[in-house]
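**Q** Taken in order, the sequence shown gives residues 0 to 112; the numbers are from numbering that gives the first Met the number 0.
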Amino acid sequence: MVNSKYTRTLGWIAVSGALAAGALGLTAGTASAAGSHDWEAVAHCESTDNWSIDSGNGFYGGLQFTQQTWDEFGGGTYAAHPQDATKEQQESIAENVLAVQGPGAWPVCGQNL
0 MVNSKYTRTL GWIAVSGALA AGALGLTAGT ASAAGSHDWE AVAHCESTDN WSIDSGNGFY
60 GGLQFTQQTW DEFGGGTYAA HPQDATKEQQ ESIAENVLAV QGPGAWPVCG QNL
């Protein structure tokens, strides 16, 4: 008979490790921290694939972040402004935004997710 307390502890350790890896963007089976969402399609729709765009309307980068959203979701760890971050860095922050706000954060182009 297996000790159920031992089994629960091992299960908790496995779940905790998986959550920590996910929070750090260390998902298995993907080449980038951006997960499996089609951010290129969103960027094509939002900014015609211009990852360094300053649209002049308060939205920046390929995924058209506001500065406030960029800052609130940790973008400052990569670059001061979204348009100065790499595609991969913008995608990483977009995953954070998507997890909290859902695809409605990109009202028109989020359908491509």
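Backbone N, C-alpha and C fix where the C-beta goes; we use that ideal spot for every residue, glycine too.
Since the structure is predicted, the reported quantities are computational estimates derived from the model, not experimental observations.
What separation, rounded to the nearest whole angstrom, lies between the Cα atoms of Ala-114 and Val-41?
**A** The first residue shown for the chain is 0 and the last is 112, placing residue 114 beyond what the model contains.
**Q** I'd like the ranges of any alpha helix (DSSP H) spanning at least 4 consecutive residues and lying wholly in the region 33–75.
**A** Those alpha helix (DSSP H) runs which fall completely within the region 33–75 and span 4+ residues are 38–46 and 66–71.
**Q** Go through its chain and collect everything with a Cβ distance to Ser-54's Cβ below 8 angstroms, but skip five positions before and after it.
**A** Correct list, in chain order: Ser-46 and Gln-63.
**Q** If we ignore side chains and look at the alpha-carbon of each, how far apart do Cys-114 and Glu-39 end up?
**A** As displayed, the chain neither begins before 0 nor continues past 112, which places residue 114 out of reach and without an answer.
**Q** Compute the Euclidean distance between the alpha carbons of Trp-69 and Gly-101, then round it to the nearest angstrom.
**A** Roughly 15 angstroms separates the two Cα atoms.
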